[in-house]
Amino acid sequence: DISYVVNYLENGTNNVLSASKTVKEQTFNTSVTETAIAINGYTLTSALNVTIKIDVEGNVINFYYSANA
871 DISYVVNYLE NGTNNVLSAS KTVKEQTFNT SVTETAIAIN GYTLTSALNV
921 TIKIDVEGNV INFYYSANA
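Rendered as structure tokens:
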């Protein structure tokens, strides 16, 4: 069972802003794309969409956000 994890983190601190998402039953060497979610009080500072190629391990997508002033 190959999976990937999506994290939603505060830029510069890596504080978790929303629960991580794990997507299971992926196929080796295929590409997957995830889109960032909206988080109240924060603005996305990384790419809106991230694509990775599924490997045996280490499949992680991180989205980074900064607090609104």
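The numbering used here runs 870 ahead of the 1-based position in the sequence shown. Where is the CB? At the ideal position from N, CA and C, for every residue including glycine. Everything numeric in this text was worked out from a predicted model, so none of it was measured.
From the options, residue whose alpha carbon lies closest to that of residue i
i      : options                           : result
Ser873 : Leu879, Val902 and Ser936         : Val902
Tyr935 : Leu918, Leu879 and Gln896         : Leu879
Thr897 : Lys923, Phe933, Asn938 and Asn881 : Lys923
Thr900 : Phe933, Val926, Asn938 and Ala937 : Val926
Glu895 : Asn885, Ser916, Ala889 and Asp871 : Asp871
Gly882 : Ile909, Thr915 and Lys891         : Thr915
Exposed unless 16 or more other CB atoms sit within 10 angstroms - verdict on residue i
i      : result
Leu887 : buried
Ile931 : buried
Val876 : buried
Integer-rounded CB distance, given that residue j should sit under 8 angstroms from residue i
i      : j      : result
Ala937 : Leu918 : 18 angstroms between Cβ atoms; not a contact.
Per-residue DSSP class, three states only, for residue i
i      : result
Asn910 : coil
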